[in-house]
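To start, the structure itself, in structure tokens.
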Amino acid sequence: MPQLDTSTWFITIMSMFLALFILFQSKISNHSYPSNPSPKDTKLMTQNTPWEKKWTKIYSPLSLPLH
Numbered sequence: 001m002p003q004l005d006t007s008t009w010f011i012t013i014m015s016m017f018l019a020l021f022i023l024f025q026s027k028i029s030n031h032s033y034p035s036n037p038s039p040k041d042t043k044l045m046t047q048n049t050p051w052e053k054k055w056t057k058i059y060s061p062l063s064l065p066l067h
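Just so you know, UniProt numbering puts 29 at position 29 of the sequence shown, and the rest follows in order with no gaps.
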């Protein structure tokens, strides 16, 4: 039974890692990220919902009067 030749495994795995590193670096370098993100003012982003405009009361079925 012939033995498995593992003499080329090291160079194959190292070249694969190098190729993947170069591939991911080229993919990441194409993205543009903001250099200095500024916090947004949350007061300007509030939305008025219909239930905030009027007072509502939620009745529990157990608290309703019996007929």
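Glycine is no exception: its CB is placed at the ideal position from the N, C-alpha and C atoms. All of these numbers come straight from a predicted model, not from anything done at the bench.
Item to complete: Would you mind reading off the limits of the alpha helix (DSSP H) that contains Q25?
Response: Counting along the chain, the unbroken alpha helix (DSSP H) around Q25 starts and ends at 9-29.
Discussion item. For M16 and I22, I'd like the C-alpha separation in whole angstroms.
Written reply: Rounded to the nearest angstrom, the two C-alpha atoms are 10 Å apart.
Item to complete: Compute the Euclidean distance between the alpha carbons of I28 and T6, then round it to the nearest angstrom.
Response: Roughly 34 Å separates the two Cα atoms.
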